[in-house]
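Below is one structure; the comments refer to it alone.
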Amino acid sequence: MKKILFFILVFTSNLCFAQIEVQKEELLEHQGIVTVSGKSANAIYDQLKIWAVTQFPNDSAVQLDDKENGKLILKGEQSFSFKAGIGHVPGRVHFTLTMEVKDDRYRYTYVITDITSDMDNGASMLPSLKRHPNNGRVKTVMNTIKDSLNDLVQKSYRSFDTSSDANW
């Protein structure tokens, strides 16, 4: 009887340590579709290309420029700051932004490739963020970064509202 009770306790205690694994890709990737009514794939691509050149002035930002297949891949970085203690800590997020174009719409996907902080002399924060995805501070940092990248993507579809008419 003691042996049976011992085995039950051992196996039950192991179950207490089991946790659901967080999909780490959810932390580092976001995708959305933007509808642009009445625009051809070529017109959307041209407008996105203009937007990309103004937002990413670095010549090496454009990784792929494939108008035939409607695909534009950009590599960039953006600054952000997050609250830590009584102050704010500046950091930089490095990402790849893929834009795929079809008639009347385009899909964007950004993948965060690295996150650095000035607090640690530019050291990568990514390993720590991946290890502790449910930590409150990690969630705050990731939400700040996602808001920053979402603002960047919103500028891409706001550029369709401000683009001038071709028949001026």
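Under mature numbering (1 follows the signal peptide of the UniProt record, and there is no 0), residues -18 to -1, 1 to 150 are what the sequence shown spells out, in order.
Just so it is clear, CB atoms sit at the ideal spot from N, CA and C, and this is done for glycine as well.
Remember, predicted model here, so these are calculated numbers, not experimental data.
Look at residue i and residue j and say whether their C-beta atoms are less than 7 Å apart.
{"i": "T126", "j": "F64", "result": "yes"}
{"i": "L79", "j": "I97", "result": "no"}
{"i": "S138", "j": "W33", "result": "yes"}
{"i": "A23", "j": "D85", "result": "yes"}
{"i": "K112", "j": "E82", "result": "no"}
{"i": "F62", "j": "G73", "result": "yes"}
{"i": "Y88", "j": "I26", "result": "yes"}
{"i": "K57", "j": "A43", "result": "yes"}
For residue i, does the count of other Cβ atoms within 10 angstroms reach 16, so buried, or fall short, so exposed?
{"i": "K21", "result": "buried"}
{"i": "Q136", "result": "exposed"}
{"i": "I94", "result": "buried"}
{"i": "V35", "result": "exposed"}
{"i": "E3", "result": "A caution first: E3 carries a pLDDT of 34, below 50, which makes its placement in the model too unreliable to give a value."}
{"i": "L46", "result": "exposed"}
{"i": "Q13", "result": "exposed"}
At what residues does the beta strand (DSSP E) containing residue i begin and finish?
{"i": "V18", "result": "Where V18 is concerned, there is no enclosing beta strand (DSSP E), given that its DSSP letter is neither H nor E."}
{"i": "P72", "result": "G69 to K84"}
{"i": "D47", "result": "V44 to D48"}
Taking the continuous alpha helix (DSSP H) assigned at residue i, which residues delimit it?
{"i": "S61", "result": "Per DSSP, S61 belongs to no alpha helix (DSSP H); it is in the beta strand (DSSP E), K53 to A66."}
{"i": "S99", "result": "First-last for S99: R87 to S99, but that is the beta strand (DSSP E), not the alpha helix (DSSP H)."}
Once you ignore the five residues that flank residue i on each side, which residues in its own chain have a CB closer than 8 Å to its CB?
{"i": "S106", "result": "D96, I97 and T98"}
Residues in its own chain within less than 6 Å of residue i by CB, not counting five upstream and five downstream?
{"i": "E59", "result": "R74 and H76"}
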